[in-house]
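> The following block contains the structure, expressed as structure tokens.
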Amino acid sequence: MNKNIVRESPFEYLKDRNGNKFSEETVKNWYKARVYVLDRLSGDQQDVLIDGDSPLMLSVARHVALYAHFISKKPTVITLVSQNDNIEDELRKEEYLCNLVDYLKRPGCDLDIELNIVKEAPDGFQGIIMTEKDVNDFINNKKPEDVYTIDTRKAVLAEKIYELGALIDNLPAEDIHCTKRYAMALEAYEYDFLRGEIHPLIDKAQWESNPIKVKNSVSSIYSADCFESRARAMKGGKKGRYEIWEQNNEALSISEHARWVVERLIMGYRPINRNERLEYEILFGQKRLDYFKKLKSNPHDLVHIDICSYRDLRRIDPNSLKYDSFLMLAIPRILNKINE
Amino acid sequence: MKRIGKKWLIHGYWLVVAMLLIALLAVIAWRSFNNYSISPWLSLLTLTMFVGLVWGVCGDLTNIFSLRKQEGGITWCQILILCSIGIWIAGVVWIFQIHKSSSSTIVFGVIGGLMTVVFQDKIKGVVTFIHLRAHHLLNIGDWVRVPKYNVDGEVRRVTLTTVTIYNWDTTTSNIPISTLHADHFVNVQYMAEGKTYGWRIDKTFLVDTESVHTLSKEEAEMLKSEEFNKQHNILEYLPEDEIKEGALNARLYRLYLHHYLMNQPDVSQMPRLLVQWLDQQKEGIQLHLYVFIITNNLDDFDWHQSLLVEYVMQSIGWFGLRLYQLPMSFDEMIEEANV
Chain U
89 MNKNIVRESP FEYLKDRNGN KFSEETVKNW YKARVYVLDR LSGDQQDVLI
139 DGDSPLMLSV ARHVALYAHF ISKKPTVITL VSQNDNIEDE LRKEEYLCNL
189 VDYLKRPGCD LDIELNIVKE APDGFQGIIM TEKDVNDFIN NKKPEDVYTI
239 DTRKAVLAEK IYELGALIDN LPAEDIHCTK RYAMALEAYE YDFLRGEIHP
289 LIDKAQWESN PIKVKNSVSS IYSADCFESR ARAMKGGKKG RYEIWEQNNE
339 ALSISEHARW VVERLIMGYR PINRNERLEY EILFGQKRLD YFKKLKSNPH
389 DLVHIDICSY RDLRRIDPNS LKYDSFLMLA IPRILNKINE
Chain W
3 MKRIGKKWLI HGYWLVVAML LIALLAVIAW RSFNNYSISP WLSLLTLTMF
53 VGLVWGVCGD LTNIFSLRKQ EGGITWCQIL ILCSIGIWIA GVVWIFQIHK
103 SSSSTIVFGV IGGLMTVVFQ DKIKGVVTFI HLRAHHLLNI GDWVRVPKYN
153 VDGEVRRVTL TTVTIYNWDT TTSNIPISTL HADHFVNVQY MAEGKTYGWR
203 IDKTFLVDTE SVHTLSKEEA EMLKSEEFNK QHNILEYLPE DEIKEGALNA
253 RLYRLYLHHY LMNQPDVSQM PRLLVQWLDQ QKEGIQLHLY VFIITNNLDD
303 FDWHQSLLVE YVMQSIGWFG LRLYQLPMSF DEMIEEANV
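Taken in sequence, the protein lines are chains U and W.
428 is the number that the working numbering gives the last residue of the first sequence; the numbers go up by one with no jumps.
341 is the number that the working numbering gives the last residue of the second sequence; the numbers go up by one with no jumps.
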């Protein structure tokens with residue numbers, strides 16, 4: 089399987105709200121930040137200090153927010169050191185943290201990351217310190233193809249698991265952590281979904297014309313990038329191969345939902361506002377679903393109903409809960425497939 | 003439907019049973035080929051294993067087919083199970099050469115009939131016990147309600163014949179287990195553990211029809227005013243353009259309560275949330291609330307239920323509506339005195 093590694097460059101296809109592609113420098117910074125942050129966050133959960141506010145370091149902040157999601161009740165604090173008084177406005181740009189900045193300020197926000205902006209680096213900081221020099225040194229020691237292309241196999245398989253989740257429609261949506269049935273579905277269908285060659289993620293014709301498809305696929309890449317850290321957290325103990333994943337399914341699903349919310353906010357989505365809320369609450373059945381669909385398919389103003397806390401998701405859109413649970417149970421199977 | 007993964011058809015233990023079955027069939031074929039006699043018990047074992055294999059595989063397939071709503075395979079599995087039972091009965095008749103003329107058959111038949119009559123409750127009990135346990139319909143510690151016996155409590159003991167339930171009024175009930183197969187019983191455990199959409203509140207309030215009216219300009223302005231909203235914040239849950247002169251206060255209140263409930267952190271929007279007006283009666287018009295509360299605790303549920311009732315009592319007046327109460331004899335006395 090390792091002979092068939094599919095390496096692709098998906099970030100080039102991302103577009104902003106106005107339908108314009110991002111600058112070459114921005115895209116390069118994303119690639120650099122991605123490999124660097126994944127490497128630095130490969131240990132246990134620690135707070136992060138980002139020393140600097142250059143475009144590269146703001147891209148690093150973006151990727152720390154995307155990947156610093158651990159199964160822990162304590163949020164990861166991201167401290168950004170900047171002398172710029174308008175740094176929040178800078179962070180609000182689509183290439184950096186976009187809507188995440190304002191979402192983190194909402195009262196009662198229960199995401200698993202916190203953003204702290206300071207003028208001076210705090211003394212005696214305990215955690216991971218990231219500097220521009222550190223990033224550049226790291227990148228200079230890497231082959232360009234390892235930085236500017238991505239092995240998309242895990243993302244492709246993650247998308248297949250989403251398809252499987254859509255196919256299995258008689259799961260108890262409300263009893264989401266009844267993993268017996270999820271595990272059974274995976275057992276029964278994994279040969280159909282995970283067997284055979286892994287096709288490339290990028291379909292050029294579709295990607296050029298459908299910005300939302302691109303965002304969803306890049307979303308699968310971000311999700312798949314966290315598989316290894318989740319697998320590290322699940323190791324240990326004397327439990328069976330899949331049993332430990334089943335036992336921790338609730339914690340994993342909560343963490344995955346928090347990661348997904350952060351990712352969607354960074355990708356330009358926003359939560360539903362008061363007027364939209366009042367409108368959908370008096371729509372019922374298929375009309376309500378159609379309204380949600382309409383909101384999330386407008387590339388100029390992307391809105392997603394599921395951008396909310398895990399607890400709210402359970403009461404607002406419980407049928408979506410299965411996707412997180414399914415994907416988390418499938419991680420060991422996907423990793424096995426990749427390492428065959 | 004996507005093709006079933008082959009892995010499940012050769013699932014661990016069924017593979018072992020299938021191999022044993024093949025070995026037994028090979029022994030029978032070999033003895034038959036060499037004209038050796040074949041023990042009827044060996045034949046019975048082989049037949050039983052075959053039926054067991056069909057049951058097991060069909061059971062697993064039924065579980066898999068049940069993962070999707072539109073799945074016809076379940077019916078075929080059940081037909082196969084039924085056929086295998088028929089094959090087993092026919093096989094036993096054939097293996098033991100049971101036919102009308104055999105005298106021992108008559109004796110066995112009479113004894114069997116008598117035993118069935120004498121031990122019918124026990125037999126039903128055993129069947130029910132296996133049914134309930136095999137399908138995980140009843141476990142120790144489950145909260146169950148058996149309306150027929152007025153039983154409502156926690157299962158403490160399950161035997162082949164009886165179920166012991168510790169009622170919430172601290173009494174203990176013993177009921178025949180066969181009742182749980184023949185009669186209706188409710189297992190509340192899933193709901194109690196918070197694994198469903200929530201605990202249902204189904205409340206009706208009687209609103210005095212005389213208080214239903216269209217808003218005057220002053221009333222509409224008051225509801226939209228900053229001062230009023232500082233106190234009650236109704237604009238958070240009600241579109242501003244709905245509040246206007248001529249709007250029906252009953253409609254506004256229904257809308258308001260609907261939006262308010264939709265946004266309460268303990269109220270589930272699924273499977274349904276209803277705020278509706280029911281039939282007009284001579285006392286007034288009924289306001290019906292059908293709400294699911296997400297909780298895994300009975301006391302917490304009761305607390306929320308009370309909060310909801312209190313909120314309706316408090317907020318209904320903001321829209322000029324009034325709850326109805328039948329005049330008490332005390333009121334009538336005062337009225338008469340005034341006359």
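Ideal Cβ placement from N, Cα and C applies to all residues, glycine included.
Cα-Cα, which of U:Val169, U:Gly196 and U:Glu178 is closest to U:Ile217?
When only C-alpha atoms are compared, the closest one is U:Val169.
> Cβ of U:His272 less than 8 Å from any chain W Cβ?
Note that residue 272 of chain U is Met in the sequence shown here, rather than His. Yes, because at least one Cβ of chain W sits closer than 8 Å to the Cβ of U:Met272.
> Output, in chain order, the set of chain U residues within a Cβ distance shorter than 8 Å of W:Arg70.
Leu255, Ile256, Asp257 and Asn258, listed in chain order.
> Quick test of the definition: if touching needs 3 or more C-beta pairs under 8 Å, does the stretch 359-371 of chain U touch the stretch 383-398 of chain U?
Output reads yes: the stretch 383-398 of chain U touches the stretch 359-371 of chain U.
> For a quick check, are the C-beta atoms of W:Ser68 and W:Ile81 less than 8 Å apart?
The answer is no: Cβ separation not under 8 Å.
> Measuring CA to CA, which of U:Ile93, U:Ser308 and U:Ser385 is closest to U:Leu415?
If we check each option's Cα against that of U:Leu415, U:Ser308 comes out closest.
> Thinking just about the alpha-carbon of each residue, which of U:Pro420, U:Arg320 and U:Val306 is nearest to the one in U:Lys103?
When each option's Cα is compared against that of U:Lys103, the closest is U:Val306.
> For U:Val148, which residues in the same chain have their Cβ closer than 7 Å to its Cβ, ignoring the five residues on either side in sequence?
Same-chain partners within the cutoff: Ala121, Tyr124, Val125, Ile138, Met218 and Val223.
> Using a Cβ-Cβ distance under 8 Å, would W:Tyr199 count as near chain U?
Answer yes: the Cβ-Cβ gap between W:Tyr199 and chain U drops below 8 Å somewhere.
> Please identify the residue among U:Ile286, U:Gly131 and U:Asn106 whose C-alpha is closest to the C-alpha of U:Lys242.
For U:Lys242, the nearest C-alpha among the options comes from U:Ile286.
> What does a CB cutoff of less than 6 Å around U:Ser311 pick up in its chain, not counting 5 residues either side in sequence?
These residues qualify, in order along the chain: Ala246.
> In the DSSP assignment, the alpha helix (DSSP H) including W:Thr48 goes from what residue to what residue?
Note, W:Thr48: alpha helix (DSSP H), Pro42 to Phe67.
> Let me check understanding here. Comparing Cα to Cα, which of W:Val148, W:Tyr151 and W:Thr174 lies closest to W:Arg158?
The option with the nearest alpha carbon to W:Arg158 is W:Thr174.
> Using a Cβ-Cβ distance under 8 Å, would U:Arg402 count as near chain W?
Closer than 8 Å: yes.
> Does U:Tyr270 pass the burial test, meaning 16 or more other C-beta atoms within 10 Å, or should it be called exposed?
Classification for U:Tyr270: buried.
> Using a C-beta to C-beta distance shorter than 7 Å, which residues of chain U count as neighbours of W:Ser270?
Arg403, listed in chain order.
> I'd like to know if the stretch 366-380 of chain U and the stretch 17-32 of chain W are in contact, where contact means that at least 3 CB-CB pairs between them fall below 8 Å.
The answer is no - the stretch 17-32 of chain W does not touch the stretch 366-380 of chain U, with fewer than three Cβ pairs under 8 Å.
> My output table needs one value for U:Gln429: the three-state DSSP class, helix, strand or coil.
No answer is possible for residue 429 of chain U: it lies beyond the span of chain U, which begins at 89 and ends at 428.
> How many angstroms separate the CA atom of U:Lys381 from the CA atom of W:Leu237?
Roughly 26 Å between the two C-alpha positions.
> If I measure Cβ to Cβ from U:Val349 and keep anything under 6 Å in the same chain, skipping five residues before and after, which residues do I get?
Once the five neighbours on either side are set aside, the close Cβ partners of U:Val349 are Ile395.
> In whole angstroms, what separates the C-alpha of U:Ala339 from that of W:Thr211?
One C-alpha to the other measures close to 51 Å.
> So U:Pro406 contacts chain W; which residues on that side make the cut at Cβ distance below 8 Å?
Within 8 Å Cβ-Cβ: Tyr199, Ser270 and Met272.
> Give me the chain W residues within the contact set of U:Arg95, using Cβ-Cβ distance strictly less than 7 Å, ordered along the chain.
Chain W residues near U:Arg95: none, gap ~29 Å exceeds 7 Å.
> When you compare the CB positions of W:Lys150 and W:Asp123, do they come within less than 8 Å of one another, or not?
Not closer than 8 Å, so no.
> Using 10 angstroms around the beta-carbon of W:Ser39, count the other beta-carbons present and answer buried if the total reaches 16, otherwise exposed.
Exposed, since its Cβ has fewer than 16 Cβ neighbours within 10 Å.
> Just how far apart, CA to CA, sit W:Asn299 and W:Trp305?
C-alpha separation (whole angstroms): 10 Å.
> Just to make sure I have the definition right: I need the residues of chain U whose C-beta is within less than 7 Å of the C-beta of W:Met264. Which are they?
Here the neighbours are Glu369.
> Give a yes or no on whether 8 Å exceeds the smallest Cβ distance from W:Lys9 to chain U.
Below a pLDDT of 50, predicted positions are generally treated as unreliable, and W:Lys9, at 49, falls in that range; no measurement from the model is reported.
> Nearest CA to the CA of W:Cys1: which residue from W:Ile125, W:Trp57 and W:Val109?
Because chain W is modelled from 3 through 341, residue 1 of chain W falls outside the range shown and cannot be assessed.
> According to DSSP, is U:Leu168 helix, strand or coil?
It is a strand residue.
> Are at least three pairs of beta-carbons, each pair with one atom in the stretch 218-229 of chain W and one in the stretch 178-195 of chain W, less than 8 Å apart?
Verdict: no, contact absent.
> Measuring alpha carbon to alpha carbon, tell me which residue in U:Asn424, U:Leu417, U:Arg421 and U:Glu351 is nearest U:Tyr191.
Cα-wise, what sits closest to U:Tyr191 is U:Glu351.
> Should W:Asn299 be counted as a contact of the ligand SAM given a C-beta to heavy atom distance under 7 Å?
Ligands displayed in this structure: none; no statement on the ligand SAM is therefore possible.
> Does U:Pro143 come out as helix, strand or coil in the three-state DSSP assignment?
Of the three classes helix, strand and coil, the one that applies to U:Pro143 here is helix, per DSSP.
> Verify the CB distance criterion: does U:Leu168 have a CB-CB separation below 8 Å to chain W?
Taking Cβ atoms only, chain W never reaches closer than 8 Å to U:Leu168, which makes this a no.
> Under the assumption that W:Ile203 contacts W:Val293 (Cβ atoms under 8 Å), give the Cβ distance between them as a whole number of angstroms.
Indeed they touch by this definition, with Cβ atoms about 5 Å apart.
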